[in-house]
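Worksheet: the structure to be examined is printed underneath.
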Amino acid sequence: MDLTQNPELLATFRAEVDERIASMRDGLLTLEGHPSPRQALHSLMRDAHTVKGSARMIGLVDLVALAHRSEDLLLRLGDGRVAVRRDLVDLLLVTADALQRSVPGADRPVPGPARAEILAALDSALAGVDPVVVPRLPAGAAPAASGVDPEADAEDAAWGAGATRAGDHVRVPTRRVHGLLDVVGQAELDVRRIEREVQDATALLAEHQELVRGLRQAVLHGAGPAEISDTVTAMVAVSDRLQATARDLRSRSQDAAHRLARVRDGAMGLAMVPVRRVVAGFPALVREVATSTGKDVELVTLGAEVELDVRVLDGVADALRHLVTNAVDHGCEPPAERVAAGKRRRGTVTVSARQAGSSVVVEVADDGAGIDDDALRASAVRRGLLPADATVSGGALHRVLFEPGFSTRTEVTETSGRGVGLDVVRTAVEGLGGSVDVVNEPGAGTRFVLTLPVTLGVVRCLVVRLGSERYAVPLGGILETMTLADAEVHEVAGSLVLARRDDRVPLADLGDVLGVAGTRSPRAVLLVRQTGDPLAWAVDEVEGEREVVVKPLGDFLGTVSGTSGATIDDDGSVLLLVDLRELASRWAAAPAPATAVTGEPDAMPGHDPRRASGDGRPRILVVEDSIGVRELQRTILEGAGYDVVTAVDGLDGAGRLQQSPVDLVLSDVEMPGMDGFTLTRTIRKTRGWENVPVVIMTSRGDDADKRAGLDAGCDAYLLKSEFDQRALVDTVRRLVGR
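When we follow my numbering, the leftmost residue of the sequence shown carries the number 12, and every step to the right adds one.
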C-alpha cells in the first residue's frame, strides 16, 4: 500500500513536520550563544529523529536521508567532535527548510537536485570540511492546482499527485471539539424541549378554538348566563395557559439562540490558528536576509498566540514575509551606520499582533532610519509615478510604495529591486477585506500596520436602507456614522463635501452608485476609510448593527459587481454585503452628481467674461500645487494684463470658482485632493461653468495623458518641459478673446 497517496495521513505527517521543524529552527537560531549547547543539541536530535522515523514509516525516502544526515551532524556537535560554527548552523537551517518543503503538497517544493546538493554539503561537514559551502534553496513557486511544482523532477511529481495542500487542514485541540460537542448536546435538548412546548401550545390552541365554537353555539341557541359564564371562564383559563406557554417558548428560544451562537463561535474556533503558524519561520528569514545584506538584525515577536481564521492568516502569510524582508533589507541600517547615528549596533525588527474588536492588527516595524521622503519622491518621479515638480509628502507620498512595479532600488539584488513586494502586500490584504497603513518616524523607523478581519465566515455589519432595499455594510473601515441633519455639508463645484474637523471629505450617495431604483431620501452618513483618504457615503437609514454569516452567491449568480457575498436576514430575506472598496473606485471614476443627495441644485451664475474682474480685466484662475510654478504663472499672466487668482489644488480651485467667476482656468494635473482632469470634468458638467476655457499645463506628455486631458474637456494641453511664456500668453489670449 502506497501511504504517500493517503491525504489524511499526509496531512497528519505534515502537521507533525511543521511542529518539529519550528522547534528545530528555534533551537538552531539560539545554538551559537546557548549557555548549554549540549542540552539544546539533544532536543534538536530528538526533533530530527522524530521526522526521520515518521518519514520512514510513510515511505518518504528522500526525507529520511535528509533527516538522517542532519541527525548525524547534530550528534557530532553534541559530543564535541565538531565545534558549533555559524556555517554549520546555517547548513542545518537550510536542511530544516528543505525537510519542510519536501513533504508532498507543500508550498514551493524543493526539486531533487537541490536536495542532493544539501546532502553533499552535509557529507562534507561530517567529513570535517571547514568551512562548508552552504547551498541556497530555490525560491520556487506556489504549486499548481495538482499540487506539483512544474519544475520538480519526476519523483517529486509522483509525490505531489493527489496530495492535500497545507491550508486544507488545521490541528484542533481536543478540548475545543469536546466543548463544541457539549454545546451541541445542550442545543439538541433545547430543540426537544421547544418541540414539547409547541405541542402543548398547539393542544391549548385547539382547546381554545373548541371553546370559542361552543360559546358561539351557546349564544345562537339562547343559552343561559350561567352556561355562557362557565365557557368564558374556561376560555380565560386556556388563554392564561397559552400565555405561560408563549413565555416559556420565548425563554427556550432565547436559550437556543444563545447556544447556537456558541456553536457558531465554536465552529469558527475550529478554523482558528495562532499567528505563530506564520511567524515561526521569521527568525530564519531575518537571519538569512541580514547575512546576505551584511547587517546584524534580531527579530522580536509579540502576540504570537493571537488567533485568526486559517484562511485569513494563510492569505496574508506571503505579505508578512515581504514586509519582514523589506524591514531588514530597506529598513535597518548596516552596523557602522547605526553606530555612527548613536544607535546600538544590532537592529531590531518587531512583528506584533493584537486583537482589536472584530479585527486583528498585525504590525511589522523596524528601528531603522525611516523613509526618506525626498529619496522616495525622486524615485517615484524617475519611474513616472509622479510629475517632476511633485511636492506631495506624508501618507499621500507613502502610498506610492504600494504601486505595482515600484522599488526604490536602482539595482536588482536577491532580496529587492524587482518591483515585486508591497503591491503584493496591498493586494493580499485588501483581498481579505483588510487595510494596510504606513507609519513613518524619520530616524526612528517605519511601521506597516495591517488591519485584518478575524474571520471570513462571520462579519459584523451595519444594515442600511436604500429606498425599499436593504444592504449589509461591513464595519471594517467605518470611522463613524452621523445623521445628515447634524453633518456640515457643502457643495463645491457641483459635488458635495462633508466638513469634518479640518478636513473636507467627498460625499457620495451609496444608493446612486449601486443603482438603486425608486424614491430615495438620504438621512444618514457613513464615514469610511478603506485605503487612502476618507469618503462619506449617504444612506437613507441605518437600521442597526449585527453579526452576519457570509455566504457566496453561488454558481448561478456568480459575482455581483459591488458586493462581496450575501446573508439571510431574520425574516428570510437576502441581504447583499456591499464592497465599499470597489464602489469607491467606481465612484471615483465617475463621481455622482450633488443632486443624488440634496436634490436639484441651483444653477451657477452665468459666465460673462466682461464682468469677471471688477476693473474690467479678464480674470484667470491658476490651480497649481507647486508654489514656485504657481508664482511664475501668476507673474507672467499679471504682466500680460490679466487679473490672477490662485489655488493650491483642485478642491481649492473649485471653491474659488464658487466664490467668483473667472474667464479661464490654468491647471496642473498631479495634485492632492482633486487632480486637474477631475477639476476639468467638474467644470464641464456644472451649469454656469461649462463654457469656461480650461488650459492644462503639466509634465505628463504621453499621448494617453493628452487624450485624457482632451476627453476631460480641456481646451489646450501645454507641457512644462516645453514651457514658453509667449506661447502661454498667446494661448490664454486666444481662448479668452482679449
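Each residue gets a CB set at the ideal place from its N, CA and C atoms; glycine is no exception.
An exposed status is given to isoleucine 638, since fewer than 16 other beta-carbon atoms sit within 10 Å of its beta-carbon. Annotated three-state conformation of asparagine 337 is helix, per DSSP. Below 8 Å, enough C-beta pairs join the region 332-344 and the region 369-384 to call them touching: three or more.
Assignment of glycine 139 by DSSP, reduced to helix, strand and coil, places it in the coil class. With respect to the 7 Å criterion, leucine 461 and valine 447 are classified as neighbours on the basis of their beta carbons. DSSP places leucine 587 outside any alpha helix (DSSP H); the residue lies instead in the beta strand (DSSP E), whose first and last residues are 585-589.
Taking one beta carbon from each stretch, the region 728-743 and the region 642-661 have 3 or more pairs nearer than 8 Å; the two touch.
Listed as beta-bridge partners of leucine 546 by DSSP are Val539. Separation of glutamine 366 and glycine 576 (C-alpha to C-alpha, rounded to the nearest whole angstrom) is 25 Å. Relative to valine 308, the option among Thr494, Glu221, Ala347, Gly358 whose CA is nearest is Gly358. The C-beta of glycine 445 has 16 or more other C-beta atoms within 10 Å across all chains shown, which makes the residue buried. Between the region 478-488 and the region 386-394, the count of C-beta pairs closer than 8 Å stays below three; the two stretches do not touch. Comparing alpha carbon positions, the residue from Asp37, Val500, Val524 closest to proline 294 is Asp37. Across the structure, glycine 583 and lysine 562 are spaced so that their CA atoms are roughly 14 Å apart.
Between the C-alpha atoms of valine 373 and leucine 331 there is a straight-line separation of about 9 Å. The DSSP-derived three-state label of serine 637 is coil. With a beta-carbon spacing of about 7 Å, arginine 97 and glutamate 43 fall inside the 8 Å limit used to define contacts.
Under the Cβ criterion (8 Å, minimum of three pairs), the region 207-222 counts as touching the region 247-257. For valine 350, the enclosing alpha helix (DSSP H) starts and ends at 346-351. In the three-state scheme derived from DSSP, where H, G and I count as helix and E and B as strand, serine 363 is classed as strand. Excluding the 5 residues flanking it on each side, arginine 481 has same chain C-beta neighbours closer than 8 Å at Val474, Val475, Glu554, Asp580, Ser584, Leu586, in chain order. Rounded to the nearest angstrom, the Cβ distance from alanine 125 to valine 144 is 14 Å, too far for a contact under 8 Å. Sequence-distant Cβ neighbours of glutamate 499 in its own chain, meaning closer than 6 Å and more than five residues away, are Ala510. As DSSP reads the structure, glutamate 218 sits in no beta bridge.
Arginine 476: not part of any alpha helix (DSSP H); member of the beta strand (DSSP E) spanning 469-477, first to last residue. The DSSP-derived three-state label of valine 75 is helix. Judged by their CB atoms, serine 363 and arginine 471 are not nearer to each other than the 7 Å cut-off. Approximately 11 Å separates the beta-carbon atoms of proline 545 and valine 536; this is outside 8 Å, ruling out the contact. Ranked by Cα distance from glycine 353, the options Asp590, Ala658, Ala455 are led by Ala455. Short of 6 Å from the beta carbon of glycine 652, and not among the five residues preceding or following it, lies no beta carbon of its own chain. Of the residues assessed, glycine 116 falls on the buried side of the cut-off, its CB having 16 or more other CB atoms within 10 angstroms. For arginine 147, the number of other beta carbons within 10 angstroms of its own is below 16, and it is reported as exposed. Scanning Ala78, Met682, Ala723, Leu222 for the CA closest to the CA of aspartate 241 turns up Leu222. For isoleucine 32, the secondary structure class from DSSP, reduced to helix, strand or coil, is helix. In the pairwise beta carbon analysis, the region 23-34 is classified as touching the region 100-114: at least three pairs are separated by under 8 Å. In terms of Cα proximity to arginine 204, the closest of Leu260, Arg119, Val247, Val249 is Leu260.
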